[in-house]
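Offset between the sequence shown (1-based) and our numbering: plus 19.
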Amino acid sequence: MDKEFFKNLTIKKVAKAMQDGDTTALELTQYYLENIKGKNGELNAYLRIFAGAEDQARKIDEDIKNGKIMGPLAGIPFAIKDNMLIKGEVASASSKILENYRATYDATVIKKLREAGAIFLGTVNMDEFAMGSSTENSAFGPTKNPHDPARVPGGSSGGSAVAVAADMALASLGSDTGGSIRQPASFCGEVGLKPTYGRVSRSGLIAMASSLDQIGPITRTVEDAEIIFNIIKGKDPLDATTVNEDVIPETKQENKKLKIGLLTYDKNVVAPEINDMMEKSVEMLKQAGHEIMEVTLPYLKYSLSCYYIIMPAEVSSNLARLDGVKYGLLKEGDNLLDDYLKTRGTGFGKEAKRRIMIGTYVLSSGYYDDYYSKAQEIRDLIRRDFENAFDLSAGGVDAIILPTTTEPAFKIGEKTDDPMKMYLEDIFTVSANLAGVPAISIPTGFAERDGVKLPLGLQIIAPHFREDVLFSLGKQVENAKIKV
Ligand code: GLN
20 MDKEFFKNLT IKKVAKAMQD GDTTALELTQ YYLENIKGKN GELNAYLRIF
70 AGAEDQARKI DEDIKNGKIM GPLAGIPFAI KDNMLIKGEV ASASSKILEN
120 YRATYDATVI KKLREAGAIF LGTVNMDEFA MGSSTENSAF GPTKNPHDPA
170 RVPGGSSGGS AVAVAADMAL ASLGSDTGGS IRQPASFCGE VGLKPTYGRV
220 SRSGLIAMAS SLDQIGPITR TVEDAEIIFN IIKGKDPLDA TTVNEDVIPE
270 TKQENKKLKI GLLTYDKNVV APEINDMMEK SVEMLKQAGH EIMEVTLPYL
320 KYSLSCYYII MPAEVSSNLA RLDGVKYGLL KEGDNLLDDY LKTRGTGFGK
370 EAKRRIMIGT YVLSSGYYDD YYSKAQEIRD LIRRDFENAF DLSAGGVDAI
420 ILPTTTEPAF KIGEKTDDPM KMYLEDIFTV SANLAGVPAI SIPTGFAERD
470 GVKLPLGLQI IAPHFREDVL FSLGKQVENA KIKV
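Here it is in structure tokens:
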């Protein structure tokens with residue numbers, strides 16, 4: 020097949036080309052491996068490239084020929100975030116403490132992709148243990164934004180977004196605890212989906228904050244995200260928080276006129292192009308026949324403070340298992356306590372340590388009630404805010420739109436000295452995780468900085484289990500090709 024065919028491909032297009040015998044999994048895999056060779060030195064998206072990818076592709080081609088495997092993901096090359104376990108491969112969560120840790124089993128999402136015939140090209144960079152908004156917190160150096168390598172790709176799934184944006188994979192998986200799929204997807208011009216909490220198994224995902232984490236796809240189109248979501252979702256006996264799909268009512272939103280809530284937000288904290296993008300999106304949705312109304316969620320203003328208490332509390336507990344005894348790095352000291360101190364002292368980066376300290380502080384007796392309990396109460400109010408907003412019988416809406424970020428991709432090093440500035444990056448994304456509702460970011464226009472066009476993203480949030488609304492509206496926004 021002509022090389023031009025492979026540029027900016029979608030899963031949909033490939034599936035058809037493979038069916039027609041116009042290309043093979045091997046040809047496709049070799050195309051991406053070549054791009055990785057050419058670009059990864061500069062962009063630092065991949066941490067490891069799997070030697071067996073081509074063999075895997077040959078096997079899939081055989082299986083496709085023999086009719087042993089079919090479906091839209093057969094032969095599709097993926098980049099996988101470094102916090103998901105792939106049996107036999109290193110999974111380091113971009114941390115020194117797990118630098119040499121090899122996974123002993125497949126994460127459930129990996130197992131499902133494998134069964135669907137997907138090919139794994141390698142593992143990609145992230146902020147250490149998924150803590151960050153720029154992929155600068157990786158122990159293995161920052162990943163760069165392909166639109167402007169002086170800028171960050173967003174985080175923590177920066178490697179996943181860059182792999183797709185720079186044509187180094189056809190699709191990728193990321194994880195989202197407070198925005199880590201949506202924000203990098205937005206900064207790199209891709210689609211990023213955070214599913215409803217409990218819809219995709221977390222088994223085999225190195226935990227950051229277990230009540231907030233969800234795995235989801237980063238892709239070029241909404242349709243591709245939908246294809247992957249439909250394969251990775253579902254009840255898993257290995258993750259007790261997953262929901263049985265049978266209890267979710269079948270709903271199709273295609274062509275329905277919806278009530279859409281435009282979230283009220285402070286326009287002064289947002290780049291002018293993003294305000295413009297929001298206005299144009301509203302206009303487009305109105306023209307498509309949807310009803311638009313403003314919505315205010317009264318407790319939303321507390322979501323960032325609430326997130327930065329609950330998340331570190333869970334982080335401090337989840338990362339306690341990394342003690343030099345069970346997994347990864349061991350730095351021996353004079354006694355057991357010294358082992359812990361040396362191992363954790365050298366193994367964890369600065370941001371991981373900061374969050375462990377905040378987490379243990381808010382959970383300590385004497386402060387627990389003032390911080391952790393309060394934050395849990397606020398979390399409940401935020402969840403109820405969404406429930407009320409989505410209550411159609413009380414004048415509510417089918418979906419809410421808001422920006423994904425306050426600005427386009429910022430410069431490498433711009434916020435590293437000021438954690439508060441970095442945390443403010445998450446202002447539009449954390450509430451969906453706190454409430455457990457699904458959210459998607461759709462590339463919508465550009466903002467020019469230093470003569471470079473940088474992508475922007477529109478975020479859509481839907482009620483629990485209503486990913487179908489996100490896909491339907493997302494496709495409409497995507498097809499409208501809104502120009503900013
Ligand atoms: N940027 C957020 C944080 O630093 C979100 C991270 C994530 O979603 N994994 O916590």
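Cβ atoms here follow ideal geometry from the backbone N, Cα and C, with glycine treated the same way.
Model, not experiment: these values are computed from the prediction.
Start-to-end residues for the alpha helix (DSSP H) that takes in Ala36: Taking the sequence shown and counting its residues from 1, one reaches residue 36 at position 17. Following the DSSP letters along the chain, one finds Ala36 inside the alpha helix (DSSP H) bounded by residues Ile30 to Gln38.
So Gly314 and Leu281 are supposed to be a Cβ contact under 8 Å. How far apart are they, rounded? Your numbering for residue 314 matches position 295 in the sequence shown. Your numbering for residue 281 matches position 262 in the sequence shown. The residue you asked about is not Gly; residue 314 is Val in the sequence shown. 7 Å between Cβ atoms; contact.
Determine the closest residue to Thr423 out of Gly136, Met297 and Asp41, with distance taken between C-alpha atoms. Numbered from 1 along the sequence shown, position 404 holds the residue referred to as residue 423. Here the closest residue by C-alpha is Met297.
Does the distance from the CB of Tyr326 to the CB of Asp404 come in under 7 Å? Locating residue 326 in the sequence shown gives position 307, counting from the first residue. Locating residue 404 in the sequence shown gives position 385, counting from the first residue. No, these two residues do not count as a Cβ contact at 7 Å.
What residue ranges within the segment 49-119 form continuous alpha helix (DSSP H) runs of no fewer than 4 residues, ordered along the chain? Taking only runs of at least 4 residues, the alpha helix (DSSP H) segments lying wholly in the segment 49-119 are 72-84.
The segment 437-456 in contact with the segment 189-209 per 3-pair CB rule at 8 Å: These segments touch.
Quick one: which unbroken alpha helix (DSSP H) runs of 4-plus residues sit fully inside the segment 288-367? Chain order, please. Scanning the segment 288-367 from its first residue to its last, the whole alpha helix (DSSP H) runs of 4-plus residues come out as 291-306, 322-337 and 355-366.
Report whether the distance from the Cβ of Ala76 to the nearest heavy atom of ligand 2 is below 6 Å. Ligands in the displayed structure: ligand 1; ligand 2 is not one of them.
Buried/exposed call for Lys163, threshold 16 Cβ in 10 Å: For the purposes of this step, residue 163 is taken as the residue at position 144 of the sequence shown. Buried: at least 16 other Cβ atoms inside 10 Å.
Have a look at Lys254 and Glu264 and give me their C-alpha separation to the nearest angstrom. Locating residue 254 in the sequence shown gives position 235, counting from the first residue. Locating residue 264 in the sequence shown gives position 245, counting from the first residue. CA-to-CA, the gap between Lys254 and Glu264 works out to about 7 Å.
Going by the CB atoms, is the gap between Phe24 and Gly141 shorter than 7 Å? As a working note, residue 141 is residue 122 in the sequence shown. As a working note, residue 24 is residue 5 in the sequence shown. Not in contact: Gly141 and Phe24 (Cβ atoms no closer than 7 Å).
Kindly give me the distance between the Cβ atoms of Tyr346 and Leu52, rounded to whole angstroms, as I take these residues to be in contact under 8 Å. By one-based count along the sequence shown, residue 346 stands at place 327. By one-based count along the sequence shown, residue 52 stands at place 33. Contact flag wrong, Cβ pair sits at about 30 Å.
Inter-residue CB distance, Leu92 and Ile250 (contact presumed, cutoff 8 Å): Residue 92 sits at position 73 when you count from the first residue of the sequence shown. Residue 250 sits at position 231 when you count from the first residue of the sequence shown. So it is a contact: roughly 6 Å between Cβ atoms.
One question on the structure: do Gly366 and Asp358 come within less than 7 Å of each other, judged by their Cβ atoms? Here residue 366 corresponds to residue number 347 of the sequence shown, with the count starting at 1. Here residue 358 corresponds to residue number 339 of the sequence shown, with the count starting at 1. Result no, Cβ atoms of Gly366 and Asp358 do not sit closer than 7 Å.
Could you check if Val530 is buried or exposed, using at least 16 other CB atoms within 10 Å of its CB as the buried criterion? Past the edges of the chain, shown from 20 to 503, lies residue 530, and the structure says nothing about it.
Which value, in whole angstroms, describes the spacing of the CA atoms of Pro457 and Leu355? As a position in the sequence shown, residue 457 is number 438, starting the count at 1. As a position in the sequence shown, residue 355 is number 336, starting the count at 1. If you take the alpha carbons of Pro457 and Leu355, they lie about 43 Å apart.
Measure from the alpha carbon of Ile480 to the alpha carbon of each residue in Ala290, Val266 and Gly211, then state which is nearest. Here residue 480 refers to the residue found at position 461 of the sequence shown. For the options Ala290, Val266 and Gly211, the alpha carbon positioned closest to that of Ile480 is the one of Gly211.
With C-beta atoms as the reference, is Ser460 less than 7 Å away from Gly476? To locate residue 460, count along the sequence shown from 1; it is residue 441. To locate residue 476, count along the sequence shown from 1; it is residue 457. At the C-beta level, Ser460 and Gly476 come within 7 Å of one another.
For Arg485, which three-state DSSP category applies? On the sequence shown, position 466 is the one that residue 485 refers to. It is coil, neither helix nor strand.
Between the segment 236-247 and the segment 184-192, are three or more C-beta pairs nearer than 8 Å? Touching, per the Cβ criterion.
Residue burial classification, Gly464 (beta-carbon count within 10 angstroms, cutoff 16): As a working mapping, residue 464 is identified with position 445 in the sequence shown. That one is buried.
Find the nearest neighbour of Asp171 within the set Pro462, Glu497, Ala76 and Glu444, judged by alpha-carbon distance. Along the sequence shown, read from residue 1 onward, the residue named residue 171 stands at position 152. Note on residue identity: the sequence assigns Val, not Asp, to residue 171. Ranking the options by Cα distance to Val171, first place goes to Glu444.
Taking the alpha-carbon of Lys361 as reference, which of Glu370, Ala466, Lys350 and Gly368 has the nearest alpha-carbon? The residue given as residue 361 occupies position 342 in the sequence shown. Nearest of Glu370, Ala466, Lys350 and Gly368 to Lys361, Cα basis: Lys350.
Under 7 Å between C-beta atoms of Lys252 and Gln233: Numbered from 1 along the sequence shown, position 233 holds the residue referred to as residue 252. Numbered from 1 along the sequence shown, position 214 holds the residue referred to as residue 233. Cβ distance not < 7 Å, so Lys252 and Gln233 don't count as in contact.
Tell me the rounded alpha-carbon separation between Tyr124 and Ile247. One-based indexing of the sequence shown puts residue 124 at position 105. One-based indexing of the sequence shown puts residue 247 at position 228. When rounded, the distance between both Cα atoms is 21 Å.
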